[in-house]
Structure formats: structure tokens, C-alpha cells
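Asks:
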Amino acid sequence: MLRKKDLLGLKDLSKEELERILAHAAEMKSAFVARESLDNLKGKCVATLFYENSTRTKNSFETAARLLGARTISISVATSSVKKGESLIDTGRTLDALLTDVIVIRHSMAGTPALLAKNVRASVVNAGDGMNEHPTQSLLDLFTMKEKFGTIKGLKVVMVGDVRHSRVARSNLWALGKLGAETAIVAPYTLIPKGIEELGCEVYTDFEDAAAGANVVMGLRIQLERQKIGLFPSISEYGEHFAVTEEKLAEICPDALVMHPGPVNRGVEITSGVVDGESSLINEQVTNGVAVRMAVMDFLAGGER
Amino acid sequence: MSILIKNGRIIDGGEIKADVFIDNGKIMRVGENLDVTAEIVIDAGGKLVMPGLVDMHCHLREPGFEHKETIESGSRAAVHGGYTSVACMPNTNPVIDNAAIVRYVAQRGREADGARVYPIGCITKGQKGEELAEMAKMKDAGIVAVSDDGHPVMNGGIMRNALEYAKTFNLLVLDHPEDSTVSGDGVVNEGVNATIAGLKGISRAAEEIGIARDIVLAETLDTRIHLCHVSTAGGVQLVREAKARGVRVTCETCPHYFSATDEEILSYNTNAKINPPLREQSDCEAIIEGLKDGTIDAIATDHAPHAADEKNREFDLAPFGTVGFETALSVAYTYLVDTGELDMETLVRLMSQTPARLLGLPVVHIKPGIMADIVVFDPGASWTVRASELYGKGKNCLYDGWMLKGKVEHTIVGGVLKV
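If you're matching them up, the sequences are chains U and W in order.
Going by this note's numbering, the first sequence opens with residue 218, and the numbers climb by one from there.
Going by this note's numbering, the second sequence opens with residue 284, and the numbers climb by one from there.
1) Compute the minimum distance between the beta carbon of Leu510/W and the heavy atoms of the ligand NAD, and state whether it is under 6 Å.
2) Between Lys445/U and chain W, is any beta-carbon pair separated by less than 7 Å?
3) Evaluate the contact criterion for the segment 557-572 of chain W versus the segment 484-503 of chain W: three or more CB pairs, one atom per stretch, below 8 Å.
4) Grab the span of the alpha helix (DSSP H) containing Pro373/W for me, first residue to last.
5) Quick one: what does DSSP say Asn336/U is sitting in, helix, strand or coil?
6) Consider the Cβ of Lys411/U: report whether some Cβ of chain A lies at a distance smaller than 7 Å.
7) Is it true that the segment 314-334 of chain U meets the segment 305-315 of chain W, where meeting means three or more beta-carbon pairs spaced less than 8 Å apart?
8) Contact criterion: CB-CB distance below 7 Å. Does Gly347/U meet it with respect to chain W?
9) Along the chain, which unbroken stretches of the alpha helix (DSSP H) at least 4 residues long are found entirely within the segment 321-384 of chain W?
10) Anything in chain W within Cβ reach of Arg384/U, meaning under 9 Å, just list it in chain order.
11) Would Ile446/U be called buried (16 or more neighbouring beta carbons within 10 Å of its own) or exposed?
12) Would Gly493/W pass as an interface residue toward chain U - the criterion being a Cβ-Cβ separation below 7 Å?
13) Identify, in the order they occur along the chain, each residue of the same chain with its Cβ nearer than 8 Å to the Cβ of Ile323/W, setting aside the five sequence neighbours on each side.
14) Alpha carbon to alpha carbon, how far is Ala555/W from Leu681/W? Give it in angstroms, no decimals.
15) Just verifying my parser: in three-state terms, what is the DSSP assignment at Ala581/W?
16) Apply the 10 Å Cβ neighbour rule to Gln502/U and answer buried if 16 or more other Cβ atoms are within range, or exposed otherwise.
17) So the candidates are Arg393/W, Lys411/W, Lys351/W; which of them puts its Cα closest to the Cα of Ala370/W?
18) Please state whether the Cβ-Cβ distance between Glu524/W and His363/W is less than 7 Å.
19) Just the C-alpha distance for Arg312/W and Val659/W, rounded to the nearest angstrom, thanks.
20) Lys261/U and Ala287/U: beta carbons closer than 7 Å?
21) Around the C-beta of Thr503/W, are 16 or more other C-beta atoms found within 10 angstroms, so that it is buried, or is it exposed?
22) Determine the closest residue to Leu396/U out of Met376/U, Ile369/U, His382/U, Leu333/U, with distance taken between C-alpha atoms.
23) For chain U, check one thing: does any of its Cβ atoms lie closer than 7 Å to the Cβ of Glu684/W?
24) Any Cβ of chain U within less than 7 Å of the Cβ of Gly329/W?
25) Beta strand (DSSP E) containing Leu681/W: first to last residue?
26) Where does Thr400/U fall in DSSP's three states?
27) Using DSSP with H/G/I as helix, E/B as strand and the rest coil, what is Leu528/U?
28) In terms of DSSP beta bridges, what is Gly314/W paired with?
29) With a cut-off of 8 Å, do at least 3 Cβ pairs link the segment 323-342 of chain W to the segment 688-702 of chain W?
30) Pop quiz: Leu457/W and Val429/W are said to be a contact at Cβ under 8 Å. What is the actual Cβ separation, rounded to whole angstroms?
31) Just to confirm, is the Cβ distance from Val403/U to Ala427/U under 7 Å?
32) Quick check on DSSP: helix, strand or coil for Leu454/W?
33) Candidates Phe516/U, Asp515/U, Arg510/U, Leu517/U: which alpha carbon is nearest Phe278/U's?
34) Please name the residue or residues paired with Asn438/W in a DSSP beta bridge.
35) Which stretch, first to last residue, makes up the alpha helix (DSSP H) that contains Thr637/W?
36) Are the segment 461-470 of chain W and the segment 430-440 of chain W touching, with three or more C-beta to C-beta distances below 8 Å?
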């Protein structure tokens, strides 16, 4: 169902491919919530290779793989020979030799999944590479929006925060554009990457201007080290202008639903009241993550290939 | 060894059709239908006979990084690209910052079976940007210029002293203009393609601040300065304005800054990871304009060989640089001459005579009595670059798979046929 061996990013996928994955994810979600076990990946092996810390994404992929009947291998940097200086390519070849069918990789450097994919037989799924892409996160965001609104076309989605360093924002901009949503980003200029408007979004520095009429407000994680390197002067000043709060939502876009890729810095980029509030989709996003990852791995290595 | 090059189109301040007779290392006669016998006869009908190229900026990696390139392999690669003299940068290990290492590199150069090799010494000890290196002693040992290439001299006070001290000994400073506090840990040009690829950008401002600072220093101190690898439209304009008001500034660019853009990095091709980074089409056009109006004085290769494993890795971790010796002339011909932007005489000045003059090396002309450093170039040939077939040790070639026009047929160094 996918033309490619790998899922490296959404910029490479067509609208039709995105829609097929989302449709298949709906089937997978039904099985998941019914607690059914499937055998689409029976006899197959899925390895998670994480060079960056992650709780939800790694567990989500491993849960999805097991629900499809695959055996799993879990490699994280601290326990593997990576620490001894083994190159990424050698690690990939080792996984090939262990008859791995899918390698799920997360890495702090952009382009690393592409490098791995070029050098291994297994299918590679990008679980986040530096500032480049996080395709399955975006797919679960799309899936969640589609569930709530019925369609993505015509939605207005606003992303608030550190767009510059955000792979989630980039994947979402690619995919939402292809599916016909209207997108906007809002952040101080120090957190807006150069030329981002060429990806088809409106660029704002004022939350009120950006969020007027929004259907979805997506908070992006603010990493505290960004403040240390001088991209903004304080969390408090950042929060006044860019944090997603109940007050701002009530005043500007009271009907908007709120999403966040997690992990959330409560009280930094988004208030606890919003995270736990009625408009929050954050926990549904996590559930949907398993479904889209089942769909992706099934397309790449399962019976649906 | 005597060589007769017959029927070539001689490119040297104009074009004439003539034979060239070489003996005892020198050009003996130039004229039509020369009636001489030679040990080697080259039929250069339809081909261009030009002064050998001079590269004022390359990395031969020896001592210390012989797995990337050696002086021998580099000088062989150079003659395959039409270069008869190359000046090698001092960022070796140990760095070339004292007379003993200069003598070692020069000696290895004399032993090499290719282009003439001229060492460049460091500006500062250890290329640390703190204390001046012993420039005068290194000059006595054979350096042709000083440079901390790869490491900008960030301290303006040190650069000021370096320019004045180098002037004392008539040494040209080859400046790597970059404000590293602005470039930070960027790996590609800052712009939409960096944003699409999710790679950290290097602002044009990093290079242009370096250029502006060093132009001001040279202007204030009335010294010469040569700016390496100018890559941006703004940089060209800064140099143009400085030259117009009489600053003694010269500069070079490299073939990749007028033939390639940062679109090359979208596939995470680490051979397109170069410092300064590949820019955008508008910059390529400004570089060509600078070459046409004389703002840019020279084309250098910045030949930067690396081992395959060093480049076949995470983009952020791969070293900067592409090899350049064996493609430079064809790239320049394809993108500058074949497109009608420059004539061949101008290209020869940019790639041979001006760099030789800037470094104080013999300037080659195709005239009797001059040393026979000659390249025979076939402008009618076209070829596809195959990195694996390059003669140099480093196969990290940006142009792998590119179709280029014009090909080096023969290279003669000091009257000896090397290719």
C-alpha cells in the first residue's frame, strides 16, 4: 500500500497515501480498543532503536508491534554498543543480521533515518529525527482531527511555540497542507525557522491574531535549554505571550480543541487547566498513536504490503 | 624530455592556433607548423593549450590525515585536473605552524609525482587564534602565504597584528572570513532548504561579518588581504565596494559556489556539506557577476578530501568539504564559459595567472623561455563524473554523477608529461 520501503517523513507522501494510512488506522483502532490480537506481523521482528529518550513513542511502537503479533527488540543508547562507538550503519547491519523487518529509529540528528534506510534491508520508520520530521506523531494528530471533525480539509490548525526546533510542526505542516487544512504558526521570531512560510503556513507573532477562528490549537514543547542559549529571556515572559491558557482560549477561540505532542511542560507552554480541560485531546492522541503505528508497520511489513 | 604540442588553440591573452615545442623544462618555440622532432608529439587539434592551473587553496591532509589524502595522491589528483601548482592549507596534524613542518611538507611535495606543492603556514600557533606563528621563519622555509583556514581568527586584535606582521615580510594573509558566534553549530545555509531538511542553518551574516571586519582592518592598516571562498551575494558586494574605494583586498570563490545550491542537501548528501555552505541560486548569480566584473580575482578548489566512512554517516557529524581538483576546470567551463558568461582567457587568468601572482609564484604564459607548465583541454568532450574513478584518495565529490563539459587531456609540469 506504500510505494516506499520506509516511512521517513510525510513530505515524501502523497495525499492518497496519507488518506490510506488514516483509513487503515481506523480499522486498527477498532481492533485495539476491542483488545483483539492480530497476526499481521506474525513471525516478523520490529526493533526500536532510540538514540534519544522517549517514553510514549517507544512504548507506543512496541505496543503496536506486539498487537500485530511481531516479536520486538528494544535498543536504547545507554545499554547498547552504541556507547562503545559503534556506528549507526553497523548497528543497522547488526539488526539486519538478526532478521529484523522493521527498524523504528529516533535520533537527535536530522536525516539519520534516511542514512539508515540507505544502508539496511529492513524497513525504516522514522520516530523523530532532529528538527526534520516525526511522521507518526503527525499521523496520529491527523487521525485525531479526522475523528473529531470528520474531515481535515478546511480546518484551521494553529501551532504555538518552538516551531524552529520542532519536527512535529514540520511533519504537520507538510501533511495538513496536502490534506487541505489551513495552517498558522505563532512564536517569537527567534523560534521561527527561516523560510517556513514556503511550507504553506501563515506566520504570526501574536497569539490572538493567529488563533482567531482556529479549530485546533496545538502547543509545542518548549525545551528549557532554548532559554539558556538566548532564544527568549524567561519562561515567564514567554508564557505571557505564547502559553496556551484557558483565558486566551475562552476569549479568542472558545470552540477550539487543544492538542500537544507531549511530554507536556505544565505551566510553561500550556497551563494545567488546559491540559486537563474539556477541550484537551491529549490522552486520545496517545491512544490513537498506537493505531496509526499499527497501520504504518502493517503497510511496510505486514500482509498489507 | 621534449614535447611537441601540435595544432592547438593557445589560450593566453587571446587565442592563436600554433604548435608549442617544449624541451629541458621550458617552452622553446611557439609558432605555426614548427619543423622540429620531439620525443612526444601531442595532436591538440581542436583542443585548448593553456597555462597550467594554479590552486591557491587546497587541503592535502599530510601530515596526520594520510587516510584522507597524501601529498603524493593529492598532487596526482591535481595534475589530472589540469593543476600544475597547488598551495596546501596548514590544517594538518600537526598543523603547519613552524619551519620544520614547512620543510617536511615542501620535501614531500618535491618527491610527489604530480603538481608542484607549495605549503601555506598558519597565521597563529596551533591555529588557535591566540599567538602569531613564526611567519618569517616559515617564509624562509618555503611558505607562500599564511592562513588559519577552517578556523576564523575570531579575535580582531590578533587579526590586526597578523595583517601588519605579515605585511612586514610581504606575506599574503588568506583569510577565512567567518564570525563563528553567528554560524554556531550550523551545518548548511540558513534558509528554506535548511528548514525543510531540519538541519541547522549558517546565516550569510556569519561570512559577511567576517568579510566586513577584515576589509575594515586591511583598509585601516593599509595592508593586503585575501578573502577565501566567498559564497554570498552580500560578500561579493562588500568586496566590490571595498575595491572601488581602493582597499587592497582580493578574493577567491570556488566552483561549487557558482554551480550548486543548497537544494543538494535536501537528500542529506554529506558531500554537499561544505563550509561556507552551498547557498541559493541568487548567490550563484552574484558570484558569476563578481567573476565577470573583476570583483572576484581567482577560482580556487578548496579541495577537501575525506575518507568514505567519515562522510557516510549522520549529516551533523560528517566533516565539511568536497574534493575539487579533478572537476574544477570542467565545472568552470560548463557553468561559466559554455554558458557564455566568461571567455576562456578570463578563466585562465582566474584559475592560473592571478592566483600565481597573488602567491608570488611564477606566472605562466605560453611563450618561449617560460617554464612549461601546460594543460591541454578538450572543450568538445563531455563526461559524467564517477567519484569512484577519481585519482585522489578522497572520493567525497559533490559532482558524483553530474555531466560536465570539457575535459583535461594532458598536463605538463616543468616540461614533463604527467597526464
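Positions of the beta carbon are idealized from the N, C-alpha and C atoms, including for glycine.
Replies: On the basis of the coordinates in this document:
1) This structure simply doesn't include the ligand NAD, nor any ligand for that matter.
2) Walking along the first sequence from the start, residue 445/U turns up at place 228. No, no contact with chain W.
3) yes
4) In the second sequence, residue 373/W corresponds to position 90, counting from 1. Neither: Pro373/W is in no alpha helix (DSSP H) and is coded neither H nor E.
5) On the first sequence, position 119 is the one that residue 336/U refers to. Looking at Asn336/U - three-state DSSP - the assignment turns out to be helix.
6) No chain A appears in this structure, whose protein chains are U and W.
7) no
8) If you number the first sequence from 1, residue 347/U lands on position 130. Chain W, which has a Cβ nearer than 7 Å to the Cβ of Gly347/U, makes this yes.
9) 354-363
10) As a position in the first sequence, residue 384/U is number 167, starting the count at 1. The contacting residues are Gly481.
11) Stepping through the first sequence from its first residue, residue 446/U is reached at position 229. Classification of Ile446/U: exposed, given that the 10 Å Cβ count is below 16.
12) Along the second sequence, one-based indexing puts residue 493/W at 210. No, because no Cβ of chain U sits closer than 7 Å to the Cβ of Gly493/W.
13) Position 40 of the second sequence holds residue 323/W. Excluding residues within five positions, the ones whose Cβ falls inside 8 Å are Met284, Ser285, Ile286, Leu287, Leu700.
14) Locating residue 681/W in the second sequence gives position 398, where the first residue counts as 1. Locating residue 555/W in the second sequence gives position 272, where the first residue counts as 1. Their backbone Cα atoms lie some 6 Å apart in a straight line.
15) As a working mapping, residue 581/W is identified with position 298 in the second sequence. Note: Ala581/W maps to strand in three-state DSSP.
16) Numbered from 1 along the first sequence, position 285 holds the residue referred to as residue 502/U. By the 10 Å Cβ count, Gln502/U comes out buried.
17) On the second sequence, position 87 is the one that residue 370/W refers to. Nearest C-alpha to Ala370/W: Arg393/W.
18) Residue numbering aside, residue 524/W sits at position 241 when the second sequence is read from its first letter. Residue numbering aside, residue 363/W sits at position 80 when the second sequence is read from its first letter. Their beta carbons are not under 7 Å apart, which means Glu524/W does not touch His363/W by this criterion.
19) Working through the second sequence from its first residue, we reach residue 312/W at position 29. Working through the second sequence from its first residue, we reach residue 659/W at position 376. Rounded to whole angstroms, Arg312/W to Val659/W spans 17 Å at the Cα level.
20) One-based indexing of the first sequence puts residue 261/U at position 44. One-based indexing of the first sequence puts residue 287/U at position 70. Contact flag set, yes.
21) As a first step, residue 503/W is located in the second sequence; it is residue number 220 there, counting from the start. By the 10 Å Cβ count, Thr503/W comes out exposed.
22) Counting from one through the first sequence, the residue named residue 396/U turns up at place 179. For Leu396/U, the nearest C-alpha among the options comes from Ile369/U.
23) Against the second sequence, residue 684/W aligns to sequence position 401. The question names Glu, yet the displayed sequence has Gly at residue 684/W. Not one chain U Cβ lies under 7 Å of Gly684/W.
24) Sequence index remark: in the second sequence, residue 329/W carries index 46 (1-based). Chain U contact via Cβ: absent.
25) Indexing the second sequence from 1 puts residue 681/W at position 398. Here Leu681/W belongs to no beta strand (DSSP E), and DSSP marks it neither H nor E.
26) Start at 1 with the first residue of the first sequence, and residue 400/U comes out as number 183. Strand.
27) Nothing about residue 528/U can be reported from this structure: the residues present for chain U run from 218 to 522 only.
28) As a working mapping, residue 314/W is identified with position 31 in the second sequence. Paired residues: Asp302/W.
29) yes
30) Within the second sequence, numbered from 1, the residue matching residue 457/W stands at position 174. Within the second sequence, numbered from 1, the residue matching residue 429/W stands at position 146. Confirmed, about 7 Å.
31) Counting from one through the first sequence, the residue named residue 403/U turns up at place 186. Counting from one through the first sequence, the residue named residue 427/U turns up at place 210. In contact: Val403/U and Ala427/U (Cβ atoms closer than 7 Å).
32) Position 171 of the second sequence holds residue 454/W. Reduced to three states, the DSSP call for Leu454/W is coil.
33) Here the question's residue 278/U lines up with position 61 in the first sequence. Selected option, being the one with the closest Cα: Arg510/U.
34) The residue given as residue 438/W occupies position 155 in the second sequence. Bridge partners of Asn438/W: none, in fact.
35) What you label residue 637/W is simply residue 354 of the second sequence in a count that begins at 1. 637-642 is the extent of the alpha helix (DSSP H) around Thr637/W.
36) yes
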